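>
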Ligand code: GLY
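In our numbering, the protein residues as written are 93 to 691.
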C-alpha cells in the first residue's frame, strides 16, 4: 500500500462515518506564538476544541503536515523524520471514546481497510494520577472488541497523556495502538512504548477533555473531543514491510538523486546510509518550510533558525558523501516532484524554494571548510590538555564568524566524545546581543501613526506598493511589517536580494500607473476563507470563519485589512521611492513618499 493509498483509504473511511474532509493548515501555527512549528493537527483546531463552532461541523478529518525537530539528532536512523504527514479524525464535542476506539479497531482490522490481524494489536491506556483517574472506560471498550486484558497496558502520564499544543489549552489521556512486529523482545520489561523496535505505534486516540490553565491546573472542558493521529510515512513503511521510512516510494526519487549525484549506493556503508537519510530528511523539511504559505527564510531567529540548521546540517552530510556545490537544487527538485500533486504550493513557490536553498547552501559552503579547520584545531588542543568541553567563546566564534549553529558544533564535539560549554556560549551570545542592541534602531512598532488624511493616502499607497512588488519581483514577496506616518511610508517585505535600480523604477512606475488610472477603492466584509478564495492577500492570523474587511483597489489589488483608505487612487498624487535597504536577513525595506503630481 502506497502512502497515497493509505491516505485515501483513511479519509474515505472517516468521510463515510460523517466526517468533513478539511484541509491541513500552514506549518507555522497561527494561533500560538509559543511554538515555532505545527507539530500536530491540533494546533489549528485549538479554538474549536475549546468550544468555538467550526464551519465544517463537529466531525472532521484531514492530513496535516508537521515539523518536529526535538529529535533532530536522531535523524539518520531508520525511523526519525523532522517533517511528516499526519492523518487525523476529530470529534468536536460529538462522539467520544466508544465510537473513536471502535472505528480505530475497524479501520485497523477490517479486510477492506488495513486488514491487520487483531492478534498483533497491543493497546495502552492511561493509568491515572493525581490529576485524572485511570482510563478504565477505554480499557473496557478494547476488551469488548476482543483484545485480551494481557495485551492492554495501563501506562503513566509520560506515555499516555497528550499535552496542550503550547503551554496551556486542550489536553487529555490517550489510548495508543501498537503492532507487534514479531521481533524478539529486548528484555523482560519490553512492552508497547519501548523503543527497541518490537512494538510499532500505529495510531493514537487522544481524548481532549481537559483545559490546562496558566497556573498548571486542569479543568474539565465543556465539550469532549477526540483527536487521533496516524503518521503517514511510518505506517506506510510498516504496511509495506519496510524496516525504514527511507525505503518507501516517498523517498525513492530523493535517494535515487543522491545516488546519482554522489556515485554511491544507498546502504553501501553505515556512514553513507546515514548521510543519505539526513540529507533526504532535512532537505525535504526545508522544501516544505520554504514552500509554506507563511514565508520563512533562513535566519538566526525562530523558524528561520531551524530552517538554517536543517540546510546547514544537510550541507555537512553532503560533504561526507562527496557532493559538490549546488546539490540541494537536484534534491529539492525531487522533493517537489514527489509532493506537488498533494501540495501544489511547492511548485507554485518552486523558484523561491530553489533560490533560498541555493543561497543558504552557498553561504555556508564559503565558511564551512574554514570553520571545520578551526574546530578541528580547537578539539585537538582540548584533547592535548585533557579537557572535555569546548569553551563557549570558541563555540560562539564558530557561530558568529562561520555560521555554525551551536547544536551543529555540539554534534561534531559529540562525535569526538566532547561537549560544549553551553553556559559560556549563552554568556558570549548575550554579550554580543547587548552590543548589537546599543547600536540598533528603535523597536519597530508597525501600523499607522494616526488616521490623518496624509497617513490614509500613504496607507492606500502601501497596498499599491505591495502588489507592485509582487508583480515585478514575484509572488514570494510578502509584507513583513509596515510603519506609516503622515510624512512617509516604510514597508518591509520578503525578498532575498537588493533591488536593482531598474526594478525600483518598474515598481514605482506600476504604482504611479494605478494612481493615473484613478481606480476606486471598495470594501467588502466576508469570511477569511471567502477572502482567500477571492484572491485577497491576508497578512495576519485570523481565525477560521471570522469576518474580515477586504479592500480592493480597482482590479489591481485585494487585501484583507482594517483600513482606513482613500476613495480613489487619484487622491494620491505621485509616488516616489526614497530608499531601499536590507531590514534583516531575507527582508528588504522601502521608504517612500507621496508628492504633488509633477507638472
Ligand atoms: N493525535 C495526536 C497526535 O498524534 O498528534
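Glycine included, C-beta positions come from ideal geometry on N, C-alpha and C. All of these numbers come straight from a predicted model, not from anything done at the bench.
Relative to the ligand GLY, is the shortest distance from any of its heavy atoms to the C-beta of residue 296 smaller than 6 Å?
Correct: residue 296 has its Cβ closer than 6 Å to the ligand GLY.
> Say yes only if the C-beta of residue 351 is nearer than 6 Å to one or more non-hydrogen atoms of the ligand GLY, and no if none qualify.
Incorrect: residue 351 has no Cβ contact closer than 6 Å to the ligand GLY.
> Between which two residues does the beta strand (DSSP E) containing residue 588 stretch?
Run containing residue 588: none; DSSP gives neither H nor E here.
> Less than 6 Å between the CB of residue 211 and some heavy atom of the ligand GLY, yes or no?
False, no ligand heavy atom lies under 6 Å from that Cβ.
> Would residue 305 be called buried (16 or more neighbouring beta carbons within 10 Å of its own) or exposed?
So residue 305 counts as exposed.
> From this set, 586, 174, 229, 494, which residue's C-alpha is nearest residue 454's C-alpha?
It is 494 whose Cα lies nearest to the Cα of residue 454.
> Just mark residue 275 as buried or exposed, buried being the case when its beta carbon has 16 or more other beta carbons within 10 Å.
Exposed is the call here.
> Counting C-beta neighbours from all protein chains within 10 Å, is the total for residue 311 16 or more, i.e. buried, or is it exposed?
Residue 311 is exposed by the Cβ-count criterion.
> Using a Cβ-based criterion (distance less than 6 Å to any ligand heavy atom), does residue 136 qualify as near the ligand GLY?
No, Cβ of residue 136 sits at least 6 Å from all heavy atoms of the ligand GLY.
> I believe residue 244 touches residue 231 by the beta-carbon criterion, under 8 Å. Please report the beta-carbon distance rounded to the nearest angstrom.
6 Å between Cβ atoms; contact.
> So which of 167, 665, 643, 200 has the shortest CA-CA distance to residue 655?
Selected option, being the one with the closest Cα: 643.
> On the premise that residue 150 lies in contact with residue 184, defined as a C-beta separation below 8 Å, what is that separation, rounded to the nearest angstrom?
That belief holds up - the Cβ atoms of residue 184 and residue 150 are roughly 5 Å apart, short of 8 Å.
> Could you give the distance in angstroms between the alpha-carbon of residue 652 and the alpha-carbon of residue 514?
Each residue's Cα considered, the two are about 44 Å apart.
> Which same chain residues, not among the five before or five after residue 438, have their C-beta less than 8 Å away from its C-beta?
Same-chain partners within the cutoff: 379, 380, 383, 427, 428, 431, 432, 445.
> Taking the alpha helix (DSSP H) that residue 569 belongs to, which residues open and close that run?
Element bounds for residue 569: n/a, residue is neither H nor E.
> Check the C-beta distance from residue 110 over to residue 155 and give it rounded, since I have them as a contact under 8 Å.
The pair is not a contact, with the Cβ atoms about 18 Å apart (cut-off 8 Å).
> Using the beta-carbon count (16 or more within 10 Å), is residue 329 buried or exposed?
By the 10 Å Cβ count, residue 329 comes out buried.
> Given this structure, state the Cα-to-Cα distance separating residue 409 from residue 578, to the nearest angstrom.
Between residue 409 and residue 578, the C-alpha separation is close to 52 Å.
> Just to check, is the beta-carbon of residue 307 closer than 6 Å to a non-hydrogen atom of the ligand FMN?
The model on display carries the ligand GLY but not the ligand FMN.
> Figure out for me which residue from 434, 411, 204 has the closest Cα to the Cα of residue 464.
Comparing Cα positions, the closest option is 411.
> Flag residue 487 as yes when its Cβ comes closer than 6 Å to any non-hydrogen atom of the ligand GLY, and as no otherwise.
False, no ligand heavy atom lies under 6 Å from that Cβ.
> Using the three-state DSSP reduction, which class does residue 491 fall into: helix, strand or coil?
Residue 491: helix per DSSP, three-state reduction.
> With respect to 6 Å, is the separation between the Cβ of residue 227 and the closest non-hydrogen atom of the ligand GLY below this value?
It does not: the Cβ of residue 227 is nowhere closer than 6 Å to a heavy atom of the ligand GLY.
> Return the chain-ordered ranges of every alpha helix (DSSP H) run that is complete within the stretch 591 to 628 and spans a minimum of 4 residues.
If we require 4 residues or more, the alpha helix (DSSP H) runs fully inside the stretch 591 to 628 come out as 593 to 608, 620 to 625.
> Count the other C-beta atoms from every protein chain shown that fall within 10 angstroms of the C-beta of residue 505, then say buried if there are 16 or more, exposed otherwise.
The residue is buried, with at least 16 neighbouring Cβ atoms inside 10 Å.
> At 4 residues or longer, and completely inside the stretch 440 to 501: list those alpha helix (DSSP H) runs for me, N to C.
You should have 442 to 476, 484 to 494.
> May I ask you to check if the CB of residue 321 is nearer than 6 Å to at least one heavy atom of the ligand GLY?
Checking the Cβ of residue 321 against the ligand GLY gives yes.
> Rounding to the nearest angstrom, what Cα-Cα distance links residue 140 and residue 683 in this structure?
Those two C-alpha atoms are separated by around 41 Å.
> I need the straight-line Cα distance from residue 640 to residue 623, nearest angstrom please.
Approximately 8 Å between the Cα atoms of the pair.
> Give me the Cα-Cα distance between residue 531 and residue 674, rounded to the nearest whole angstrom.
Note that residue 531 scores a pLDDT of 36, beneath 50, so its modelled location is shaky and nothing firm can be said.
> Along the alpha helix (DSSP H) that carries residue 309, what are the first and last residues, could you check?
That residue, residue 309, is in no alpha helix (DSSP H); it is neither H nor E in DSSP.
> Rounded to the nearest angstrom, how far is the Cβ of residue 389 from that of residue 627, given a contact under 8 Å?
24 Å between Cβ atoms; not a contact.
> Candidates 138, 456, 687, 546: which alpha carbon is nearest residue 259's?
Checked all of 138, 456, 687, 546; the closest Cα to residue 259 is 138.
> Output the distance between the C-alpha atoms of residue 97 and residue 376, rounded to the nearest integer angstrom.
Rounded to whole angstroms, residue 97 to residue 376 spans 21 Å at the Cα level.
> Please find out if some non-hydrogen atom of the ligand GLY comes closer than 6 Å to the beta-carbon of residue 192.
No, the Cβ of residue 192 stays beyond 6 Å of every heavy atom of the ligand GLY.
> At the level of alpha carbons, what is the spacing between residue 534 and residue 286?
In this prediction, residue 534 scores a pLDDT of 32, lower than 50, which makes its location untrustworthy; no coordinate-derived value is stated.
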